[in-house]
Amino acid sequence: MDSRLTQFAALNQKDKAPAYLSLVSEILTRQDQSLIAPDLHTLVETVVQDVGIVVGRQVLSELVRNIGTGSISDHNLRKRIVKETLNTLQPRIVSYEEQVNSLRFQLADLLETEEEWSEAARVLMGISSRSLPDEEKFRVNIRIVRLLLEDEDSVQAETYYNRAASLSNSTSDRETQLQFKLCQARISDYARKFLEAAMRYHELSWLAEIDEEERKEMLSAAVTCAVLAPAGPNRSRVLASLYRDERSADLPSYNILSKMFLDHILRPAEIRTFEERLRPHQLAKIAISSNDQLASTIDDDDSAEPSTSTRRGPSTVLDRAVMEHNLLASSKIYNNITFRGLGALLDLAPGAAETMARKMIEQGRLKGSIDQVDKLIWFDAAREEDDAQGKAGGLGDVEQTNEDTGAPFTKRWDLQIRMTAANVETIVQHLAEKGFVQQPAVAA
1 MDSRLTQFAA LNQKDKAPAY LSLVSEILTR QDQSLIAPDL HTLVETVVQD VGIVVGRQVL
61 SELVRNIGTG SISDHNLRKR IVKETLNTLQ PRIVSYEEQV NSLRFQLADL LETEEEWSEA
121 ARVLMGISSR SLPDEEKFRV NIRIVRLLLE DEDSVQAETY YNRAASLSNS TSDRETQLQF
181 KLCQARISDY ARKFLEAAMR YHELSWLAEI DEEERKEMLS AAVTCAVLAP AGPNRSRVLA
241 SLYRDERSAD LPSYNILSKM FLDHILRPAE IRTFEERLRP HQLAKIAISS NDQLASTIDD
301 DDSAEPSTST RRGPSTVLDR AVMEHNLLAS SKIYNNITFR GLGALLDLAP GAAETMARKM
361 IEQGRLKGSI DQVDKLIWFD AAREEDDAQG KAGGLGDVEQ TNEDTGAPFT KRWDLQIRMT
421 AANVETIVQH LAEKGFVQQP AVAA
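Going left to right, the sequence shown walks through residues 1 to 444 as full-length UniProt numbering numbers them.
Rendered as structure tokens:
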């Protein structure tokens, strides 16, 4: 190898390019692959140091192209050659920017096949974007985001997502746009913006360009994020949209979805089953603020009772979502509830239960008021006209008049059932009179 390179050094400049190109082809086609890597390393160093930039770019471009088109079938050998060539060229990136970028793309592909997600992302981060068009920059940033999210590195992924977002109008390629939308949903998911993530996942689950199995996974992710979202009218609308999606009935999480939509109180066994399907970032611990800790201990005389919980707040994202949901569900059942009663329902200290209710009322997610003297939480009886059960269900524009008896909701439900049964009986009698139905004979 050294003697061949010495001969090439004595050639005229116009004869050097064909000589080096033939040597590249000769090395890559050898049957014995044991010397391919060291010989190519020697060749690249010689070309970079002793040959002019014009010939060097031509030779290195051909070498990079051959490596990328599969001239070397062995994965580990190819990876070694790409790494060594990249290390040699990187200090001279100003002269060989195109070749360095191409090698980085190849190395990222190799690392991705090995599922070395973060390492592949770091290789792509080193790509010089100075000469890349905006559309290519957009693709690179989206790929980096996707790789980082595979390793749960949401913080760094969000940085590159923001870079991609500024270039989102640079491409009309449908596949790239779909990848960007998926990154949007996943970034919102990892950032615990669960309501936003649920809407984005659900939107993607309808796109015909995406594989059926992947659409089902996105629908499942939408349900999970909706369950974890803060309780309130906005989440109720998202739950309504998912509940009325006929595909949701086939999901393992349909039971908890239906209970949340119908404002049923969730039980610990149901929560544990759902928790088993959550990803690590969705099980993250949450800290209780010092203000909430202080507020939950003020006037908490009931905590001395043996049966009273001593928990000062939710410990995980799921824990908080379930507590807020159960609090909202209880407001549909009771006119009022004591701090201690709410604490028993939520497995919280009475003061902590009052603090959670107060925050939800302040944020407009729960309609009611707090009586500090009697230690009661009063829930407003009036339902929103534009809530999930109303307009989201197609009933928002129908005028419904219900007699306000002042009775608890359970008694109102009984009254509504009696009224419905009476109306059905009236309709049946009317149809029987017209001869449309035949009443069954009564045995003597």
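Positions of the beta carbon are idealized from the N, C-alpha and C atoms, including for glycine. All figures in this text were calculated on a predicted structure; none of them were measured in a lab.
May I ask which residues mark the beginning and end of the beta strand (DSSP E) holding I370? From DSSP, the beta strand (DSSP E) with I370 extends over G368 to D371.
So, is the C-beta of K16 closer than 9 Å to a C-beta in chain D? Reference to chain D is not applicable here, since this structure consists of a single protein chain.
DSSP-derived helix/strand/coil call for I377: Three-state DSSP puts I377 in a strand.
N- and C-terminal bounds of the beta strand (DSSP E) containing T338: First-last of the beta strand (DSSP E) with T338: N336 to T338.
K332 (DSSP reduced to helix, strand or coil): Under the three-state reduction of DSSP output, K332 falls in the coil class, being neither helix nor strand.
Per-residue DSSP class, three states only, for D387: Because the pLDDT at D387 is just 47, under 50, the model does not fix this residue reliably, and the value given afterwards should be weighed accordingly. If DSSP states are grouped into helix, strand and coil, D387 belongs with coil.
On the three-state DSSP scale, how would you describe K193? K193 carries a coil assignment under DSSP once its states are collapsed to helix, strand and coil.
Identify the continuous alpha helix (DSSP H) that holds V123 and give its terminal residues. Start and end: W117 to M125.
Suppose you measure from the CA of D50 to the CA of G68; what does that come to, to the nearest Å? Here the alpha carbons of G68 and D50 stand approximately 25 Å from one another.
Around the C-beta of V155, are 16 or more other C-beta atoms found within 10 angstroms, so that it is buried, or is it exposed? Burial call: exposed.
Kindly indicate which residue of E275, V82, E115 and S95 has the alpha-carbon position closest to the one of Q106. When each option's Cα is compared against that of Q106, the closest is V82.
By the 10 Å Cβ neighbour count, where 16 or more other Cβ atoms means buried, how is D211 classified, buried or exposed? With a threshold of 16 other beta carbon atoms within 10 Å, D211 falls short and is exposed.
Measure the alpha-carbon distance for Q184 versus R244 and round it to whole angstroms. Taking the Cα positions, Q184 is about 24 Å away from R244.
Can you tell which of A349, L328, S3 and D153 has the C-alpha that lies nearest to the C-alpha of I361? Closest by C-alpha distance to I361, out of A349, L328, S3 and D153, is L328.
So T42 is in the alpha helix (DSSP H); what residue range does that whole segment cover? Looking at the DSSP string, the run of the alpha helix (DSSP H) that includes T42 is I36 to D50.
Check this for me: beta carbons of D250 and K216, under 9 Å apart or not? In this structure, D250 sits near K216, with a CB-CB distance shorter than 9 Å.
Specify the secondary structure class of T6 as computed by DSSP and reduced to three states. Helix at T6.
For the structure I just gave you, are there three or more beta carbon pairs, one from the segment 274-284 and one from the segment 330-346, closer than 8 Å? Judged by Cβ distances under 8 Å, the segment 274-284 makes no contact with the segment 330-346, as fewer than three pairs qualify.
7 Å Cβ shell around Y161 - same chain, five flanking residues per side excluded: Apart from sequence neighbours up to five positions away, the residues of its chain that approach Y161 with a beta-carbon distance below 7 Å are V145, C183 and I187, ordered along the chain.
Provide the residue span of the alpha helix (DSSP H) that contains R146, from first to last. That run of the alpha helix (DSSP H) goes D134 to E150.
Straight-line gap, I265 to P230 (C-alpha atoms, nearest Å): Cα to Cα, I265 sits roughly 15 Å from P230.
Would you mind sorting V54 into buried or exposed? The rule is 16 or more other CB atoms within 10 Å of its CB. Around the beta carbon of V54, a 10 Å sphere encloses fewer than 16 other beta carbons of the protein chains shown; the residue is thus reported as exposed.
Around the C-beta of G56, are 16 or more other C-beta atoms found within 10 angstroms, so that it is buried, or is it exposed? Buried: at least 16 other Cβ atoms inside 10 Å.
Please classify T69: does DSSP put it in a helix, a strand, or coil? In this structure, T69 counts as coil in the three-state DSSP scheme.
Measure from the alpha carbon of D65 to the alpha carbon of each residue in E116, R104 and E433, then state which is nearest. The question names Asp, yet the displayed sequence has Arg at residue 65. Considering only alpha carbons, the answer is R104.
Over the uninterrupted alpha helix (DSSP H) stretch that includes E270, give me the two end residues. Run containing E270: P268 to E275, per the alpha helix (DSSP H) assignment.
Would S25 be called buried (16 or more neighbouring beta carbons within 10 Å of its own) or exposed? With fewer than 16 neighbouring CB atoms inside 10 Å of its own CB, S25 falls in the exposed class.
Can you give the Cα-Cα distance for D371 and D414, rounded to whole angstroms? D371 and D414: Cα-Cα distance of roughly 29 Å.
So what does T316 bridge to, in DSSP terms? As computed with DSSP, T316 is found in a beta bridge with K285.
To which residues of the same chain is I427 closer than 6 Å at the C-beta, ignoring the five residues directly before and after it? Beyond the five residues adjoining it in sequence on each side, I427 comes within less than 6 Å, by CB distance, of no other residue in the same chain.
If you draw a straight line from the alpha carbon of L204 to that of D151, how long is it in whole angstroms? Their Cα atoms are separated by approximately 22 Å.
Please list, in chain order, all residues of the same chain as M199 whose beta carbon is under 7 Å from its beta carbon, the five residues on each side excluded. The answer, listed in chain order, is V238.
Which value, in whole angstroms, describes the spacing of the CA atoms of A240 and L262? One Cα belongs to A240, the other to L262, and the distance between them is close to 9 Å.
Are there 16 or more other CB atoms within 10 angstroms of the CB of G419, so buried, or fewer, so exposed? Sequence check: residue 419 is Met here, not Gly. When all chains shown are included, M419 counts as exposed.
Tell me whether F105 sits in a helix, a strand or coil according to DSSP, three-state version. The answer is helix: DSSP assigns F105 an H, G or I state.
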